[in-house]
Amino acid sequence: MSSCLWVLIFAVYCTSVHAVLASPQCLDYQEQSLLLSLKNGLHFNASLSTKLAEWTQGSSSWPGKIQLLNNRFSGHVQLNESLNFSSYALDTLDLSNNKLDGPIPLALFRYSELKYLSLSFNNFNGSLDIDVVQKVSRLSYLDLSYNKLSLNAGGAASANSSFPQFSTVSLASCHLKALPGFLSNQPQLVYLDLSDNEIHGSIPKWIWTLKNLLYLNLSSNFFEDVETAEPNLTSTLSLLDLHSNSLRGKMPPLPPLAVYVDYSGNNFSSIIPADIGKNLSVTIFFSLSKNSFQGNIPESICQAWYLQVLDLSDNSFTGKIPSCMVDAPSLKVLNLRNNKLNGSIPEGFPRTCGLKTLDLSRNSFQGQIPLSLSNCRMLEVLDVGNNQIEGGFPCYLKNTTELRVLVMRGNKLSGQIGCPDINSTWDLLQIVDLASNNFSALPPERYLLTWKAMQDNDGHDHLQLTFLGISGLYYQDTVTVTVKSLTVELVKILKVFTSIDISENRTSGQIPNALGTFKSLRLLNMSGNELFGPIPPSLGNLQVLESLDLSRNNLTGNIPPAITNLNFLALLNLSYNRLTGLIRSGSQFATFGSSSYVGNTGLCGSPLNTNCSVAKEPEEAEPGGGFSSFVSYWHFMIVGYGFGVGVSVTALIHWNKGEEWIDALVAKILAVVLPKLGF
Numbered sequence: 002m003s004s005c006l007w008v009l010i011f012a013v014y015c016t017s018v019h020a021v022l023a024s025p026q027c028l029d030y031q032e033q034s035l036l037l038s039l040k041n042g043l044h045f046n047a048s049l050s051t052k053l054a055e056w057t058q059g060s061s062s063w064p065g066k067i068q069l070l071n072n073r074f075s076g077h078v079q080l081n082e083s084l085n086f087s088s089y090a091l092d093t094l095d096l097s098n099n100k101l102d103g104p105i106p107l108a109l110f111r112y113s114e115l116k117y118l119s120l121s122f123n124n125f126n127g128s129l130d131i132d133v134v135q136k137v138s139r140l141s142y143l144d145l146s147y148n149k150l151s152l153n154a155g156g157a158a159s160a161n162s163s164f165p166q167f168s169t170v171s172l173a174s175c176h177l178k179a180l181p182g183f184l185s186n187q188p189q190l191v192y193l194d195l196s197d198n199e200i201h202g203s204i205p206k207w208i209w210t211l212k213n214l215l216y217l218n219l220s221s222n223f224f225e226d227v228e229t230a231e232p233n234l235t236s237t238l239s240l241l242d243l244h245s246n247s248l249r250g251k252m253p254p255l256p257p258l259a260v261y262v263d264y265s266g267n268n269f270s271s272i273i274p275a276d277i278g279k280n281l282s283v284t285i286f287f288s289l290s291k292n293s294f295q296g297n298i299p300e301s302i303c304q305a306w307y308l309q310v311l312d313l314s315d316n317s318f319t320g321k322i323p324s325c326m327v328d329a330p331s332l333k334v335l336n337l338r339n340n341k342l343n344g345s346i347p348e349g350f351p352r353t354c355g356l357k358t359l360d361l362s363r364n365s366f367q368g369q370i371p372l373s374l375s376n377c378r379m380l381e382v383l384d385v386g387n388n389q390i391e392g393g394f395p396c397y398l399k400n401t402t403e404l405r406v407l408v409m410r411g412n413k414l415s416g417q418i419g420c421p422d423i424n425s426t427w428d429l430l431q432i433v434d435l436a437s438n439n440f441s442a443l444p445p446e447r448y449l450l451t452w453k454a455m456q457d458n459d460g461h462d463h464l465q466l467t468f469l470g471i472s473g474l475y476y477q478d479t480v481t482v483t484v485k486s487l488t489v490e491l492v493k494i495l496k497v498f499t500s501i502d503i504s505e506n507r508t509s510g511q512i513p514n515a516l517g518t519f520k521s522l523r524l525l526n527m528s529g530n531e532l533f534g535p536i537p538p539s540l541g542n543l544q545v546l547e548s549l550d551l552s553r554n555n556l557t558g559n560i561p562p563a564i565t566n567l568n569f570l571a572l573l574n575l576s577y578n579r580l581t582g583l584i585r586s587g588s589q590f591a592t593f594g595s596s597s598y599v600g601n602t603g604l605c606g607s608p609l610n611t612n613c614s615v616a617k618e619p620e621e622a623e624p625g626g627g628f629s630s631f632v633s634y635w636h637f638m639i640v641g642y643g644f645g646v647g648v649s650v651t652a653l654i655h656w657n658k659g660e661e662w663i664d665a666l667v668a669k670i671l672a673v674v675l676p677k678l679g680f
C-alpha cells in the first residue's frame with residue numbers, strides 16, 4: 002500500500018487547495034501520464050496549490066475526479082493526444098473560475114466515463130461544435146458558460162442524433178446563434194441556461210414539454226415570440242427568466258409553481274390578467290418592468306402572499322394602487338416607478354412591514370405620504386420623486402433607522418428641511434434629493450451632524466437584497482443620475498457615495514458650516530434658492546467633491562481660497578450671485594470657463610474678461626454654467642464611478658450566475674479609480 006499513494010479529490014476554493022478523501026483506484030502508467038499532461042499545461046503558484054504540485058510520476062492512485070475550481074490557474078489545457086482516453090476512469094472534471102485560455106482540447110470529449118464537465122468562467126476561445134459532446138455518452142452535467150467561445154449549435158439533424166441524457170446544460174454567453182437542436186430530446190433535463198447569447202426567433206413549444214425542467218434561463222437574447230403550450234406542461238418550472246429579449250404581444254402563461262419569474266425588458270403589451278394572483282401563490286420574485294403593459298394593477302396580485310420582490314416599473318399602468326398591496330406580509334421591494342398611476346398612496350402599511358425598497362417615483366400620486374409608512378422600520382430606499390405629493394419633511398419616519406436613500410424631488414413639499422428633534426436621526430442616510438419643491442428653510446446645523454454616513458469614507462459594498470436563500474440571487478438598488486439633460490443609470494449604489502440636492506426650492510438662510518464635515522460628499526446642489534451670506538470656507542474640506550452648484554442665489558463675499566483645492570471637482574457653478582473679488586486659479590479651478598462665474602458683477606480676473614479695476618455688467622450665460630465642459634469629463638468618468646446632479650432611485654434585478662463577469666469588471670475599474678478619489 003505504501004507504493005500506492007492516494008490521489009485526493011481536490012476542492013480548491015480561492016487560493017488554497019482542500020483535499021477530500023475518496024476511495025482510491027490504482028493508476029497505471031498511462032493514467033499517471035494523463036494527470037501529468039493536464040498539470041503541465043497549467044500555470045499555478047506551487048506554494049498555494051500544494052496538492053497539485055504533488056502530482057508526480059510516482060502518484061499511483063486517484064478517485065476519478067479532478068476538481069480545481071476557483072483558483073488562479075492560467076495557460077492552456079494540454080493533453081497528450083496519443084493516450085488511450087477511453088480506458089480512463091475520469092468521471093468529473095471541474096476547472097471553472099480560473100483564467101485558462103486557448104481552445105478547449107477536443108481530447109476532453111474522448112473520456113468515455115466522463116459524467117461532469119465544467120469549464121465555465123475562464124477565457125477559453127475559438128470555435129466549438131456542440132455535436133462533439135455526442136462522444137461522451139455518460140455525460141450528464143455540461144457547463145461551458147462565460148468564456149470567449151463561439152459555440153456552433155449544430156444543424157437540424159442534431160435533434161435526432163444520439164446525445165447523452167443531460168440533467169444540467171449551461172451554455173450562457175457562448176455566442177450561440179440558435180437553440181441547439183438536441184435539447185428537444187432531453188426529457189431528464191432539470192437545469193437549462195442559454196442566457197446572454199444571440200439567439201433569434203421564437204421560444205419553441207417543445208421547451209415547455211420538458212417535464213423535469215426546474216430552471217430555465219433564456220434572458221439576454223433576441224427572442225421575439227413565445228410558442229406557448231398548455232399551462233400544465235410548465236408546471237414543474239421553479240425559476241423562469243426571460244428578461245432582456247424582444248418578446249412581444251401578450252404575457253405568456255405563468256408557471257403555477259414558480260418561485261422566480263422575470264419577464265422584464267421586453268415588448269409585452271396589453272393588460273395583466275385579472276386572475277394573475279392565482280399563479281403567483283408560491284412566487285417570491287416577480288418582475289414585469291420595462292415593458293408596455295397597460296390598464297389597472299389587478300387586486301388579485303395581493304394573493305401572492307410570499308412575494309418578496311414585485312417590480313412593475315417602467316410600464317403604462319393606470320389607476321390606483323390596490324390598497325391590499327401595501328399590506329403584503331412578505332414584501333421587501335415594491336417598485337412601481339415610471340407608470341401613470343394616480344390617487345393617493347394607500348394607508349395601511351402594517352406593523353409587521355418588512356419593506357426595504359419603496360419606489361413610487363414618476364407617477365401622478367397626490368396627497369401626503371401615509372403616516373403608517375413609519376411602520377416600515379427596515380426601509381433603506383424611499384423614492385417618491387416626480388409626483389404631486391404635499392406635506393412637509395417626513396420627520397415621522399424617524400424610526401426607519403436603516404434609511405439610506407431619500408428622494409422626494411419634483412413634488413409640492415414645503416416647510417423646513419430636517420427635523421427640530423435632534424433624536425430624529427438617520428445615521429445611514431447617504432443620498433438626499435429634495436430638488437424642485439417649495440421648502441423654505443435649511444436644516445439646523447445640529448441636525449445635519451446626525452447624518453453620520455455623510456461623514457464617513459469607509460465601506461465599498463452595495464445596497465442589495467438577497468433572498469430565497471440561494472447564493473447569487475439578489476435585487477440591487479440602482480441610482481439614476483441626471484446632469485441637466487444627461488441621464489445615466491448606475492448599476493450599483495456604493496455605500497460610500499453621498500449626495501445632497503436641494504436645488505429649485507425657496508430655501509433662505511446661510512449655507513451651513515456643518516456641510517464641511519461630510520467627507521464622502523460627491524455632489525452638492527443648492528442652486529435656485531434664496532441663500533445669502535458668504536460661501537463657508539469649510540466646503541474646502543470636501544476633498545472628494547465632484548459637483549458643486551450654488552448658482553442663482555444671493556451669496557456675497559469672496560470665493561474662499563480653500564475650495565480652489567478641491568482636486569476632483571468636475572462641475573462648478575457659482576453664476577448669478579453677488580460674489581466679489583478675484584477669481585483664484587487653483588489647480589482644478591483653471592479648468593472652468595466663464596459660465597461658472599457669470600452674473601457676479603463684482604468678480605474679476607480669468608476666465609472673465611474683466612479687469613479687477615473695472616466693474617462688469619451681468620451677461621447671459623449658458624444655463625447651469627460649466628456644463629458643456631463637464632459633459633465630456635462625465636462621459637469618460639461615468640464608466641468607473643460617475644455621479645451627478647439630480648438623483649432618483651430605481652431598482653434592477655441581477656442573476657449572479659450570469660452577472661459575475663460584470664461585477665468582476667466593475668471591481669477592476671473601481672480598484673483603479675477609487676484610490677484616485679481618496680477612498
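Take any residue in the sequence shown, note its place counting from 1, add 1, and you have its number in this note's numbering. The beta carbon of each residue, even a glycine, is placed where N, CA and C say it ideally should be.
Within the same chain, Val-191, Tyr-192, Thr-237, Leu-238, Ser-239, Leu-240 come within 8 Å of Leu-215 by CB-CB distance, once the 5 residues on both sides are set aside. By the 16-neighbour rule on beta-carbons within 10 angstroms, Asp-502 is buried. About 6 Å separates the beta carbon of Ser-121 from that of Tyr-147, a gap short enough to meet the 8 Å contact definition.
Bounds of the beta strand (DSSP E) holding Glu-225 are 223-227. Between Ile-512 and Gly-534, the alpha-carbon positions lie close to 8 Å from each other. A check of alpha carbon separations from Ser-548 across Ile-564, Leu-567, Leu-524 identifies Leu-524 as the nearest. For a cut-off of 8 Å, the C-beta gap from Lys-279 to Ser-301 is around 7 Å, short enough to register as a contact. Comparing alpha carbon positions, the residue from Pro-608, Ser-185, Thr-611 closest to Phe-167 is Ser-185. The continuous alpha helix (DSSP H) containing Tyr-448 extends over residues 446-449.
The three-state secondary structure of Asn-542, taken from DSSP, is helix. Arg-111: not part of any beta strand (DSSP E); DSSP gives it neither H nor E. In the structure shown, Val-133 adopts helical secondary structure according to DSSP, grouped into three states. Taking the Cα of Met-527 as reference, the smallest distance to any Cα among Val-310, Thr-426, Ser-441, Leu-69 is reached at Ser-441.
Taken atom to atom, the span from the alpha-carbon of Gly-182 to that of Asn-458 is near 53 Å.
Judged by beta-carbon spacing, Leu-69 lies within the 8 Å limit of Leu-96, meaning their Cβ atoms are closer than that value.
Within the same chain, Ile-346, Glu-348 come within 6 Å of Pro-371 by CB-CB distance, once the 5 residues on both sides are set aside.
Pro-395 is classed as buried because its beta carbon has at least 16 other beta carbons within 10 Å across all chains shown. For Ser-365, the uninterrupted beta strand (DSSP E) segment begins and ends at 365-368. Its Cα nearest to that of Ile-204, the residue Leu-243 stands out among Gln-189, Ser-174, Lys-212, Leu-243. Straight through space, the alpha carbons of Leu-516 and Arg-579 are spaced by roughly 21 Å.
Residue range 389-392 is occupied by the beta strand (DSSP E) that includes Ile-390. Leu-609 sits away from Ser-586, with the two beta carbons spaced by 8 Å or more. Check the Cα spacing between Leu-129 and each of Ser-576, Leu-342, His-201, Pro-106: the tightest is with Pro-106. It is roughly 14 Å from the alpha-carbon of Asn-246 to the alpha-carbon of Ser-293. If only uninterrupted beta strand (DSSP E) runs of at least 3 residues are considered, those enclosed by the region 318-399 are 334-336, 341-345, 358-360, 365-368, 382-384, 389-392.
Membership of Ser-441 in the beta strand (DSSP E) is indicated by the continuous run 439-442. Boundaries of the beta strand (DSSP E) around Tyr-261: 261-263. Straight through space, the alpha carbons of Gly-392 and Gln-367 are spaced by roughly 10 Å. Counting only residues of its own chain and dropping the five nearest sequence neighbours on each side, Asn-555 has a CB closer than 8 Å to the CB of Glu-531, Leu-532, Phe-533, Asn-578, Arg-579.
At least 8 Å separates the beta-carbon of Thr-229 from that of Pro-256. Spanning the alpha carbons of Arg-410 and Val-385 requires a straight line of approximately 8 Å.
Bridge partners of Gly-127 according to DSSP: Leu-150. Between Leu-430 and Leu-404, the CB-CB gap stays under 8 Å.
Residue nearest to Asn-126 within the set Ser-151, Asp-422, Tyr-117 is Ser-151 (criterion: CA-CA distance). Between Thr-508 and Gly-250, the alpha-carbon positions lie close to 49 Å from each other.
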